[in-house]
Amino acid sequence: MDKLMKVSSNPHIRSKETTSNIMACVVIALLPATGFGIYNFGFHAFLLILVTIASTVLTEYVYEKCMKMKVTINDLSAVVTGLLLALNLPPKAPLWIGILGGVFAILVVKMLFGGLGQNFMNPALGGRCFLLISFTSIMTNFDCDAYTGATPLAILKSGGTVNAFDMIIGRTSGTIGETSMVAIVIGACFLILLGIIDLRVPGSYIVSFVIFITIFGGHGFDAQYISANLAGGGLMLGAFFMATDYVTRPITRNGQYLFGIFLGIMTGIFRLFGPSAEGVSYAIILGNLLVPLMEKITMPKPFGKGGERA
0 MDKLMKVSSN PHIRSKETTS NIMACVVIAL LPATGFGIYN FGFHAFLLIL VTIASTVLTE
60 YVYEKCMKMK VTINDLSAVV TGLLLALNLP PKAPLWIGIL GGVFAILVVK MLFGGLGQNF
120 MNPALGGRCF LLISFTSIMT NFDCDAYTGA TPLAILKSGG TVNAFDMIIG RTSGTIGETS
180 MVAIVIGACF LILLGIIDLR VPGSYIVSFV IFITIFGGHG FDAQYISANL AGGGLMLGAF
240 FMATDYVTRP ITRNGQYLFG IFLGIMTGIF RLFGPSAEGV SYAIILGNLL VPLMEKITMP
300 KPFGKGGERA
């Protein structure tokens, strides 16, 4: 009888897809960006990815064991969190940074709020922002064996010029998984073809961002400038793999469009007028916090409700 009376959080939608299947597809979709990051930055990047994933999985397992909860690491959500967090780390970051960020992402952002489906922000981005605030010098140091000096976005912000084609291919400095726009788009196309994600959030995010920097960026509709901004700073990784997170995006169709537009505008504001050349992580987290409001104002009214009385 207790199985028939199981209560879970909404929305209650039946589907043949399981959480583990969806997460496995996300991991596969991230492999091109992961592989290119390892190729681009070397063995330490590979080791940092492994350690970060291990920390997220182990943290979730230990917490659930200690709290006498059902162990859920088989759903692969902790693996996705660890992989996304690792792809957002500088390639030469010390291993303990990945471990600390992984523990924070799972323990504080996810498990203390009830586990998968109850977290109020994307765990990987929560972990990254925690590290950015706590260890700014480490998290903003992108010097490595292959690349030294400022990132392309920092050069753009200071008024310099960059090679947009190198940024699209990935021959540039940055975090492990953000450098190759081509690799990220290949993975995104895989998820779109499978129906795991759609273009409502990433499409409205990218379009609104392009419009914003065209109006306020001081370069007009400059294809080189726009391409460099799209290819740099993890915008494509964030748009397709973190802003589309089922748990922390709006469930309404119009809410998803509103969410994407908000992210595009906030990313533009952070990049053009903020002290940093980045902005994707903070924009998505702010958007996550406003998701309940977006859902409230875009929720369709039930039939027969909301009409004016005669």
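Numbering (numbering that gives the first Met the number 0), first residue to last: 0 to 309.
Cβ atoms here follow ideal geometry from the backbone N, Cα and C, with glycine treated the same way.
Member of VAL108, ARG170, ILE268 and THR51 whose CA lies at the smallest distance from the CA of ILE210: By one-based count along the sequence shown, residue 210 stands at place 211. Ranking the options by Cα distance to ILE210, first place goes to ILE268.
Outcome for ASP144 when other beta-carbon atoms lying within 10 angstroms are tallied against a minimum of 16: Translated into the one-based positions of the sequence shown, residue 144 becomes position 145. Around the beta carbon of ASP144, fewer than 16 other beta carbons sit within 10 angstroms, so the residue counts as exposed.
Outcome for LYS300 when other beta-carbon atoms lying within 10 angstroms are tallied against a minimum of 16: In the sequence shown, the residue the question calls residue 300 occupies position 301. With fewer than 16 other Cβ atoms within 10 Å, it is exposed.
Contact check, LEU82 vs LEU29, beta carbons under 7 Å: Residue mapping note: residue 82 aligns to position 83 of the sequence shown, counting from 1. Residue mapping note: residue 29 aligns to position 30 of the sequence shown, counting from 1. Yes. Within cutoff.
Inter-residue Cα distance where the pair is LYS64 and THR58: Residue mapping note: residue 64 aligns to position 65 of the sequence shown, counting from 1. Residue mapping note: residue 58 aligns to position 59 of the sequence shown, counting from 1. Straight-line Cα distance between these residues: approximately 10 Å.
Burial state of ASP197 (16 or more Cβ within 10 Å): Translated into positions along the sequence shown, residue 197 becomes position 198. By the neighbour-count criterion, in which 16 or more other beta carbons inside 10 Å mark a residue as buried, ASP197 falls on the exposed side.
Uninterrupted alpha helix (DSSP H) stretches inside the segment 173-203 (no shorter than 4 residues): Runs of alpha helix (DSSP H) with 4 or more residues, each lying fully within the segment 173-203, are found at 180-193, listed in chain order.
Status (buried if at least 16 other CB within 10 Å, exposed otherwise) for TYR204: Here the question's residue 204 lines up with position 205 in the sequence shown. So TYR204 ends up on the buried side.
Cβ-Cβ distance between ILE167 and ALA85 below 7 Å: Counted from its first residue, the sequence shown places residue 167 at position 168. Counted from its first residue, the sequence shown places residue 85 at position 86. Not in contact: ILE167 and ALA85 (Cβ atoms no closer than 7 Å).
Length of the line joining the Cα atoms of ILE175 and GLY125: Position 176 of the sequence shown, counted from the start, is the residue given in the question as residue 175. Position 126 of the sequence shown, counted from the start, is the residue given in the question as residue 125. Looking at the two C-alpha atoms, the distance is approximately 17 Å.
Residue of THR55, VAL102, PHE240 and ALA104 minimising C-alpha distance to VAL26: By 1-based counting over the sequence shown, the position of residue 26 is 27. Selected option, being the one with the closest Cα: PHE240.
Residue range of the unbroken alpha helix (DSSP H) whose run includes PHE240: Working through the sequence shown from its first residue, we reach residue 240 at position 241. Per DSSP, PHE240 belongs to the alpha helix (DSSP H) from 234-240.
Pairwise C-alpha distance: ILE96 and SER133: The count along the sequence shown starts at 1 and reaches residue 133 at position 134. The count along the sequence shown starts at 1 and reaches residue 96 at position 97. Taking the CA atoms as reference points, SER133 sits about 10 Å from ILE96.
Unbroken stretches of the alpha helix (DSSP H), 4 residues or longer, contained in the segment 34-71: You should have 42-65.
Rounded straight-line distance, which links the Cα of LYS156 to that of MET68: Here residue 68 refers to the residue found at position 69 when the sequence shown is read from its first residue. Here residue 156 refers to the residue found at position 157 when the sequence shown is read from its first residue. A straight line joining the alpha-carbon of MET68 with that of LYS156 spans about 48 Å.
8 Å contact criterion, which ILE52 and VAL70 should meet: CB distance rounded: Residue mapping note: residue 52 aligns to position 53 of the sequence shown, counting from 1. Residue mapping note: residue 70 aligns to position 71 of the sequence shown, counting from 1. In fact, because the Cβ distance is near 17 Å, the residues do not count as touching under 8 Å.
The segment 176-185 in contact with the segment 30-47 per 3-pair CB rule at 8 Å: With the cut-off at 8 Å, the segment 176-185 and the segment 30-47 touch.
Cutoff 7 Å; reference MET0; Cβ partners in own chain excluding five residues on either side: Position 1 of the sequence shown, counted from the start, is the residue given in the question as residue 0. Note that MET0 has pLDDT 45, beneath the 50 cutoff, so the model's placement of it is unreliable and the number below is only indicative. Setting aside the 5 residues that flank it on each side, MET0 has no residue in the same chain whose C-beta is closer than 7 Å to its C-beta.
Coarse secondary structure for PHE272, derived from DSSP in three states: Mapped onto the sequence shown, residue 272 falls at position 273. In the structure shown, PHE272 sits in a helix (DSSP, three-state: H, G or I).
Presumed contact (8 Å Cβ cut-off) between LYS91 and ASP142, rounded CB distance: Mapped onto the sequence shown, residue 91 falls at position 92. Mapped onto the sequence shown, residue 142 falls at position 143. Yes, they are in contact, since the Cβ atoms of LYS91 and ASP142 sit about 7 Å apart, within 8 Å.
Cut-off 7 Å between Cβ atoms - residues of its own chain near ASN253, not counting five sequence neighbours on either side: As a working note, residue 253 is residue 254 in the sequence shown. In chain order, THR297 place their CB closer than 7 Å to the CB of ASN253, counting only its own chain and leaving out the 5 sequence neighbours on each side.
Beta carbon of ILE284 nearer than 7 Å to that of MET138: On the sequence shown, residue 284 is found 285 positions in, with the first residue counted as 1. On the sequence shown, residue 138 is found 139 positions in, with the first residue counted as 1. In this structure, MET138 does not lie closer than 7 Å to ILE284 by Cβ.
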